[in-house]
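Input: a single structure, listed below in structure tokens.
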Amino acid sequence: MQSKRAARSSRGDCCEVWRCNWPVVMAFLDVATQWMRAGLDGRITGLHYGNVLIWIDHHYPRRKRREIFEGLQIMERAALEALDELPKKPKSEK
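Going by my numbering, the sequence shown wraps up at 587, each residue one higher than the last.
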């Protein structure tokens with residue numbers, strides 16, 4: 494059985510992460526400033542891959558880069574789906 498580690502968000506809540514996924518989770522948190530936004534509404538559209546790939550190149554050996562990038566893409570898609578499920582704020586509240 495794989496062992497797990499706990500990931501704690503800035504809000505203080507905690508979730509378990511399989512050890513094999515820990516490097517991708519930590520990478521995702523490290524590139525959290527690389528979200529792109531669209532148009533005037535500022536809707537998040539995805540990660541800026543150019544910047545993310547540069548970050549990966551600086552932090553991982555060549556043999557691990559593809560695995561980390563593919564894991565980030567999976568987490569990116571899940572995050573975008575979760576953001577789409579959030580209630581939309583009226584423009585007056587933005």
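Built from N, CA and C at the ideal position, the CB exists for glycine as well.
Start-to-end residues for the alpha helix (DSSP H) that takes in residue i
{"i": "A575", "result": "555–578"}
{"i": "V517", "result": "515–523"}
Contact set for residue i: own chain, Cβ-Cβ below 6 Å, skip 5 residues either direction
{"i": "W548", "result": "V524"}
Classification of residue i by the beta-carbon crowding that lies within 10 angstroms, buried from 16 upward
{"i": "E509", "result": "exposed"}
{"i": "Q495", "result": "Residue placement at Q495 is poorly supported in this model, since its pLDDT is 48, which falls under 50; the coordinates are not used for a value here."}
{"i": "E569", "result": "buried"}
Own chain residues within Cβ distance below 7 Å of residue i, not counting five before or after
{"i": "Q527", "result": "L540, H541, N544, V545"}
From the options, residue whose alpha carbon lies closest to that of residue i
{"i": "A520", "options": "Y553, R530, L533, I537", "result": "Y553"}
{"i": "A575", "options": "E563, I537, F562", "result": "I537"}
{"i": "R530", "options": "K581, P516, K582, L573", "result": "L573"}
{"i": "I567", "options": "V517, G535, L533", "result": "V517"}
Practice task
Starting from the N-terminal side, write out each stretch of the alpha helix (DSSP H) that is 4 residues or longer and does not extend beyond the stretch 527–558.
Solution key: 542–552
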